[in-house]
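>
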Amino acid sequence: MTQATPELPPSEERRGAPRFALLFRTAKVVVDQKEYLCVLRDASATGCKIRLFHALPTGAEFALELGNGGRYPADVMWHSDDYAGLRFKSEIDVGRLLSDNYGQYPKRQIRMKFDRPALVTAQGRSFEVLLRNISQQGACIECSHVLRVLEPVSIEIEGFPLIYGKVCWRRSSRHGVVFERGFGLTELAGLLGHLHCTTAGQFSFSPSS
Numbered sequence: 001m002t003q004a005t006p007e008l009p010p011s012e013e014r015r016g017a018p019r020f021a022l023l024f025r026t027a028k029v030v031v032d033q034k035e036y037l038c039v040l041r042d043a044s045a046t047g048c049k050i051r052l053f054h055a056l057p058t059g060a061e062f063a064l065e066l067g068n069g070g071r072y073p074a075d076v077m078w079h080s081d082d083y084a085g086l087r088f089k090s091e092i093d094v095g096r097l098l099s100d101n102y103g104q105y106p107k108r109q110i111r112m113k114f115d116r117p118a119l120v121t122a123q124g125r126s127f128e129v130l131l132r133n134i135s136q137q138g139a140c141i142e143c144s145h146v147l148r149v150l151e152p153v154s155i156e157i158e159g160f161p162l163i164y165g166k167v168c169w170r171r172s173s174r175h176g177v178v179f180e181r182g183f184g185l186t187e188l189a190g191l192l193g194h195l196h197c198t199t200a201g202q203f204s205f206s207p208s209s
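Numbering (UniProt numbering), first residue to last: 1 to 209.
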């Protein structure tokens, strides 16, 4: 569990809201419905500081979202190098923001939601699927083919290395895949940042040799 300790900011930066310095908490910043991985470094009832792994995305609507599903609309107040400061649209409960046990998805790894075409190969057959979300350790795909639980698969996503994994669950047309080799946070953040710069639906797939 991530530990948090009170941090006393310089007098000229004090705004009356206690601020907590975080050792490390993975989060995502949502910009016009596109999701980017980030690290939450400190937070208060009125705002937070995040670290990004690429240039700050441009957009009209920003929000911070934690792994528990809590989403907090915000405005960008400043950015410098890999860091940005966000001010929440309204004051929040910092305890809930930092809690691993609060929200719709307590203690769940961050999942990045998006609809992207991908190519899955299983038992020598290759077919297009829709990638619904991805995390450091797995993904959710949707397809008309029925894949067996524990069936080995490979997944091709534009701009990503070839991914190997196994089906771990199936619900109707949706399948969960756990990766043989997970992604590092920096690696996945960079790949997703690049992916958002491309236009979905323009990919041309062919099976990897």
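From the three backbone atoms N, C-alpha and C, an ideal C-beta is built for every residue, glycine too.
Only a predicted model underlies this, so the values are computations on that prediction, with no experimental measurement involved.
#1: Which of helix, strand or coil does DSSP assign to Thr-58?
#2: Let me confirm a value: Val-146 is counted as buried when at least 16 other C-beta atoms fall within 10 Å, else exposed. Which label applies?
#3: Please say whether Ile-110 and Ser-135 have beta carbons closer to each other than 8 Å?
#4: With a CB to CB cut of under 6 Å and the five nearest residues on each side skipped, what residues in its chain are close to Ile-155?
#5: What does DSSP give as the partner residue(s) for His-79 in the beta ladder?
#6: What span of residues does the alpha helix (DSSP H) with Thr-186 cover, start to end?
#7: Could you tell me whether the Cβ atoms of Leu-64 and His-79 are closer together than 8 Å?
#8: Between the Cα of Leu-37 and the Cα atoms of His-54, Ala-43, Phe-160 and Glu-180, which residue gives the shortest distance?
#9: Answer with buried or exposed for Met-77, where buried requires no fewer than 16 other C-beta atoms within 10 angstroms of its C-beta.
#10: Let me know the secondary structure DSSP gives residue 210 once reduced to three states.
#11: What is the DSSP secondary structure of Leu-66, counted as helix, strand or coil?
#12: So what does DSSP say about Arg-111, is it helix, strand or coil?
#13: How big is the Cα-Cα spacing for Phe-160 and Asn-68?
#14: What number of angstroms, rounded off, separates the C-alpha of Gly-70 from the C-alpha of Leu-191?
#15: For Val-149, count the other beta carbons within 10 Å of its own beta carbon; 16 or more makes it buried, fewer makes it exposed. Which is it?
#16: State yes or no: is the C-beta of Arg-174 within less than 8 Å of the C-beta of Arg-108?
Reading off the structure:
#1: In the sequence shown, residue 58 corresponds to position 58, counting from 1. Of the three classes helix, strand and coil, the one that applies to Thr-58 here is coil, per DSSP.
#2: Numbered from its first residue, the sequence shown carries residue 146 at position 146. Exposed, by the Cβ-count rule.
#3: Within the sequence shown, numbered from 1, the residue matching residue 135 stands at position 135. Within the sequence shown, numbered from 1, the residue matching residue 110 stands at position 110. Going by C-beta atoms, Ser-135 is nearer than 8 Å to Ile-110.
#4: Working through the sequence shown from its first residue, we reach residue 155 at position 155. Excluding residues within five positions, the ones whose Cβ falls inside 6 Å are Ala-118, Val-120 and Ile-163.
#5: Stepping through the sequence shown from its first residue, residue 79 is reached at position 79. Per DSSP, Ala-84.
#6: Along the sequence shown, read from residue 1 onward, the residue named residue 186 stands at position 186. Unbroken alpha helix (DSSP H) run through Thr-186: 185-195.
#7: On the sequence shown, residue 64 is found 64 positions in, with the first residue counted as 1. On the sequence shown, residue 79 is found 79 positions in, with the first residue counted as 1. Their beta carbons are not under 8 Å apart, which means Leu-64 does not touch His-79 by this criterion.
#8: For the purposes of this step, residue 37 is taken as residue 37 along the sequence shown, with counting starting at 1. Nearest of His-54, Ala-43, Phe-160 and Glu-180 to Leu-37, Cα basis: His-54.
#9: Looking up residue 77 in the sequence shown gives position 77. Counting Cβ neighbours within 10 Å, Met-77 comes out exposed, since fewer than 16 surround it.
#10: Limits of the chain in this structure are 1 at one end and 209 at the other, which puts residue 210 out of reach.
#11: By 1-based counting over the sequence shown, the position of residue 66 is 66. Coil at Leu-66, not helix or strand.
#12: Reading the sequence shown from its first residue, position 111 is the one you call residue 111. Arg-111 falls in the coil class under three-state DSSP.
#13: Stepping through the sequence shown from its first residue, residue 160 is reached at position 160. Stepping through the sequence shown from its first residue, residue 68 is reached at position 68. The straight-line gap from Cα to Cα measures roughly 26 Å.
#14: Counting from 1 along the sequence shown, the entry for residue 70 is found at position 70. Counting from 1 along the sequence shown, the entry for residue 191 is found at position 191. C-alpha separation (whole angstroms): 24 Å.
#15: As a working mapping, residue 149 is identified with position 149 in the sequence shown. Looking at its Cβ environment, which holds fewer than 16 other Cβ atoms inside 10 Å, Val-149 is exposed.
#16: For this step, residue 174 is matched to residue 174 along the sequence shown. For this step, residue 108 is matched to residue 108 along the sequence shown. Taking 8 Å as the Cβ cut-off, Arg-174 and Arg-108 do not qualify as a contacting pair.
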